[in-house]
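Chains as they are written, first to last, in full-length UniProt numbering: chain A, 1 to 767; chain B, 1 to 767.
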């Protein structure tokens, strides 16, 4: 696989020249999605080279049976997998009887992929000399509609250059697909009906076990010389159906196959209506037409960019990086459905099962809060509220009681579906991130209603968990938390991970405060929740005792909180003093060596300093940053962004910039040599935070937005917009000054570098 | 499955009455073996009920591909599995055309299994009414010859009771067998040749990957009314061959099929000779005949019992228990082959892969030293010497260098083949047990030669490992050992497990002492070993520093060494205060709850007090026993024996007796409800230790045997023999006195209750 082959461009991701080595990487990088479905950038026509086929429907998963070496009590029965869904993009093409396959063409030139992020369209074009010596020019445009999100569109143009030719297009649907990543080589899909109706075809299939019913559909038409060619039904098997279009084409003229396709699923429609809804969707898009739908696509993306774009001047790679990150986040999750969430690979691959991790609460929510309507972040919070019963059930399986809730580390439907004991059972800090997101949501949006309506119950379940999870150490006369794994997964089963203990204490105190607030402000909700949860004052007193007597490992010598008990027993050799040949340690070292080393995979103590920065002085931060960062290997995609923000806060802009670059171009430049498997979606929100919170210094302080803008030396200017409580503020930063512009109708006061600044509608303020 | 259905008897294991629920348990309990092969007590004739078929050849294994949820660097590629070998015991029987199958008989009565441990013969008998109303009496005898250990013999007698009948016997060989326990459903055996020669048949097959070539063979003859019936070749397929004997039998007369069978393997013979050797073996046993071979079997077992029997008077269940343990140990390993070892399930099942664990060094060696010739224990030590290079390779894979050796946790051929990181990478105390066994061997046998010849190299590799595995904690100014798992596997990835640290220090000091001794006493060996290992004085100085500055967690409050750092932070609720419904915790609790609990699976600190008791006073032992035993759940078969010995030492005979019963009848009474899977062979040696070291108080002190005999209230007397440096001492203990008898030609002085006692040949001394 190659790295660094993507051409820099402000708005587009571009690959030029055909290299088989790039195919799988480009299939990831050029992925398209619309929140409801997504697909890797596989070729429509046959490709006999190495490829990783993937088309995914949001929320459609399969419970692959857990397979582990040695079973531990409490393991989940299954590991939920995002499913490779039936293929609707395929078009087999024959030119004078010869199958078009660029892996076997005599020559391929001018090969170009372009993902136009501004418009949400993916274009691929090439010249080829086929094995039967036909010279052709191919231009394919594809997009997944934001307007009608169950439909995608393909325009496949062929111009024959050197002679007349007989062309056959066979657009098809195929449900005989497999997953790259499965435990048991099970078949996932059961096809129940395959049908053709004029220029349309349908495959009805359901997933095994989970019984998600789907109708995969397509409609195709061929245009040549202003006339529309009629297709006929072609091949039809148990899990395959195709239409056939034949056309004699004159040299230098162009033929265009237009294909609409997509899925209707029982997540959104009644089972017996799937095919009818598919018909309706096809009729709707037929009426709009390819160009009409494309126009709507551009408009929809323009609206997204209008709010979420970040412009960077003077650094084209940084510009391309941040836009790629924002684009992918929007392709993955648009906030229209509270049963969906943000999988770490989005719709770009299968790894991590397409499931929900704590990434959403810790990294993604700030992005969605600032660039979308409040309702979007609220939907993400509601997702966890909807899973509360399952979180309680999950905790019960592990021996907790009385409504204690442990949210899963990895989930599709609220059930735990990860099976390493050191993660599943012990990486319990995820519970804290879910509580923190509630706080963060209210802090940013000012919308308190979520807490009495839903959040309070979540907080009670979480506080109950922490209360039961600690025990009183007689030796320390403090509450301790034994056997946990912190965010730094290069430590397992440690005692008193500072971050987890701190979160636990914070969660309890926050819950107690919210109980008081809800009691006085929303008495009906309070009584409903207390009645439902059977919470008593006595229980709250016990929580309080735990929070007040929580143990925090601390080193007087270094003046720092210790990541966990015993951290100072390690051999404290800094990362810079390790030979280059030994890195990345997750590839070069055995697991036991990693575990007993001081090396930190991603921010751990510093994650706590990020969440709770108001609890610590800048000097505290500096001391902890200087202590921990030198031991941090940043071998998680979630690591550089937090460090970038903190380096910026400490005025270390060069270091902050380097961390920024690493996070923003992680996939484009394939830093970790694994982009073939899919993109790192959730860490992309961290990239956004690096600019807005890091360089822009944006915070919410006492209900007001606050900024401390800085700019990397490498940049001339950068600008971003944030939606803060229905006021849109545009910020433009240069080395000399920062301008603020309020877009809206009502003034707002913000703080800039500690000073109050009043913004009035559409007035440009320079600071 | 049923528990407690085995009839008490001094010399036999007896089951009476047919219960399908018992079949798999009895297949384990009635297993037979001769050190070279072994088999579960499967029926010879067809059985359509639930059964677990197993026939195993010592040292023949298959590298099943490792399958784990998430791969960790350093995991072995495969998990070695003991292989279910081709079946040679099978005999299909037809009575008037109807297949004999007691699962479908109209009536089965007088069903009886008897494993005669004195003679090494397994007998099964029953009366049955077949579905075609034939009444028959069946008596089957089977044994695996100790005399010719590649052969077993079966005598299958049928008496037809109610009418004349037409009987067909089809003795067969079958290599179309599978393993119950496999990761990938792979086929393990590849059959290359199937042949019949007169009354003999052969299947040549080899294992996949490991390429162990085998010839499975049989010979059969039928006797009726004094005449021998001639068999004919019958069915023959790619992996099956049978002979056929037809006989018209009159009512009330008996027909007997005699079958000899077994395996020749390339572990012992050249590949091209396997079939010829099989012929030779069959000719040899034909000449001796079934009865002759049975006579030799009785003599061979008599010789084993002569040396190893323990007689208990007044407690028939205890008597049966200890003999069952001694019998099974001898069935598993006889000390004839230094490439073999003692798998935790012997030849009785597949679990734990039939591989070698630290059980051998920690538990089995004392038994073999005292009840066999010295050479046997020496073979077990040599086994590890032969694997030294692979142990060095194993350590290298984990990042160690300079010849540091980490012996595998589980192995067949010296390579690690277990794949839980917390065990494979961290349960490194196994290295210490291997060094301790060298010390124990010399201490008991007085044979120093192993150390200069082989042991010293092993000790150097192990000391190098410990030296590299610790690091200097600047915080403690001591050497610490981070990230280990002690013998108590209910703790994972702990820091400074006292037992492991103590072993490491001891290993280094012991190695340094042996280096001095070899240097002065065996200078040639010294120079050879130092040359080979490139050991320098400087390296030894570094080791010494580690040993001298090793850290040991200690509690001043309790006056005890702590199992590991932070042990006192746990919620110290004693096992007796746990509700009965929550035990065994390994079935009732989630893994995370077990890990953060104080509960101890098997002796950990107390294992150190067992190995190194001379380093501690009885008061020390008492304090540690009283501190740790109440937290010990004994959920490992290796736990009760150590506690029994220590309870006896502390004069707590009632407790010692209870621990003894638990260990000695673990399988017979199926304490853990898992005997179906096979027997707990290695812990059986612990049972022997409970009597000899526990009740008998036997130790080696300054080159002399020492005893402090006690007797449980439940017993009238017990006696055992030990071979100590080629002198056999018989000890008989009653409540009133102990008698000692020296069998041999040269006097010896022993110590009894601290006083010197001289023993003279064949003179009975009463103390």
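Backbone N, C-alpha and C define an ideal beta-carbon position, used for all residues, glycine too.
Check	Outcome
DSSP state of residue 776(B) mapped onto helix, strand, coil	Any answer about residue 776(B) is impossible in this case: the structure gives chain B only from 1 up to 767.
Three or more C-beta pairs below 8 Å linking the stretch 149-163 of chain B and the stretch 304-319 of chain B	no
Presumed contact (8 Å Cβ cut-off) between residue 249(A) and residue 167(A), rounded CB distance	5 Å
Reference residue 265(B), options 740(B), 595(B), 433(B), 276(B), closest by Cα	276(B)
Residue-chain proximity (residue 715(B), chain A), Cβ-Cβ < 9 Å	no
Interfacial residues, the stretch 653-684 of chain B to chain A, with Cβ spacing under 7 Å	none
Buried or exposed by the 16-neighbour rule on C-beta atoms within 10 Å, applied to residue 554(A)	exposed
Nearest neighbour of residue 735(B), chosen from 721(B), 51(B), 750(B), 714(B) [CA to CA]	714(B)
Contact check, residue 144(B) vs residue 29(B), beta carbons under 9 Å	no
For residue 39(B): DSSP bridge partner residues	32(B), 55(B)
Any C-beta of chain B under 9 Å from that of residue 259(A)	no
At least 3 beta-carbon pairs within less than 8 Å: the stretch 378-392 of chain A vs the stretch 428-442 of chain A	yes
Residues, ordered as in the chain, of the stretch 374-406 of chain A that lie near chain B by beta-carbon distance below 8 Å	397, 398, 399
Residue 603(A) burial status per 10 Å Cβ neighbour count (16 or more: buried)	buried
Segment contact, 8 Å Cβ cut-off, at least three pairs: the stretch 219-236 of chain A with the stretch 135-152 of chain A	no
Neighbour-count burial assignment, residue 232(A), 16 or more Cβ in a 10 Å radius	exposed
Between the CA atoms of residue 287(A) and residue 41(A) - distance to the nearest angstrom	27 Å
Of the listed residues 461(B), 441(B), 723(B), 578(B), nearest to residue 400(B) (C-alpha basis)	461(B)
Within chain A, partners of residue 426(B) - CB distance below 7 Å	592
Nearest to residue 729(A) (by Cα), restricted to the options 391(A), 496(A), 307(A)	307(A)
Residues from the stretch 453-481 of chain A in contact with chain B, defined by Cβ distance under 8 Å	471, 472, 473, 474, 475, 476, 480
Whole-number beta carbon distance between residue 141(A) and residue 11(A), since they are thought to touch under 8 Å	So it is not a contact: roughly 16 Å between Cβ atoms.
Which residues DSSP lists as bridging residue 112(A), in chain order	16(A), 125(A)
Paired residues, beta bridge with residue 660(B) - DSSP	Looking at the DSSP assignment, residue 660(B) forms no beta bridge with any residue, so it has no partner.
Alpha helix (DSSP H) segments (min. 4 residues) lying fully within the stretch 285-362 of chain B	316-332
Straight-line Cα distance separating residue 33(A) from residue 657(A)	29 Å
Exposure label - residue 192(B); buried when at least 16 CB within 10 Å	exposed
Neighbourhood of residue 768(A) by C-beta distance below 6 Å, restricted to the same chain and skipping five residues each side	The question about residue 768(A) has no answer, for chain A in this structure spans 1 to 767.
Short CB-CB distance (under 9 Å) between residue 39(A) and chain B	no
According to DSSP, residues forming a beta bridge with residue 554(B)	561(B)
Contact with chain B by residue 350(A), beta-carbon distance below 9 Å	no
Cα-Cα separation, residue 442(A) to residue 304(A)	23 Å
Given residue 558(A) as reference, the closest of 542(B), 369(B), 475(B) once Cα atoms are compared	475(B)
Contacting residues, own chain, Cβ-Cβ under 8 Å from residue 271(A) (five flanking each side not counted)	213
Own chain residues within Cβ distance below 8 Å of residue 542(B), not counting five before or after	467
Cβ-Cβ distance between residue 682(A) and residue 344(A) below 9 Å	yes
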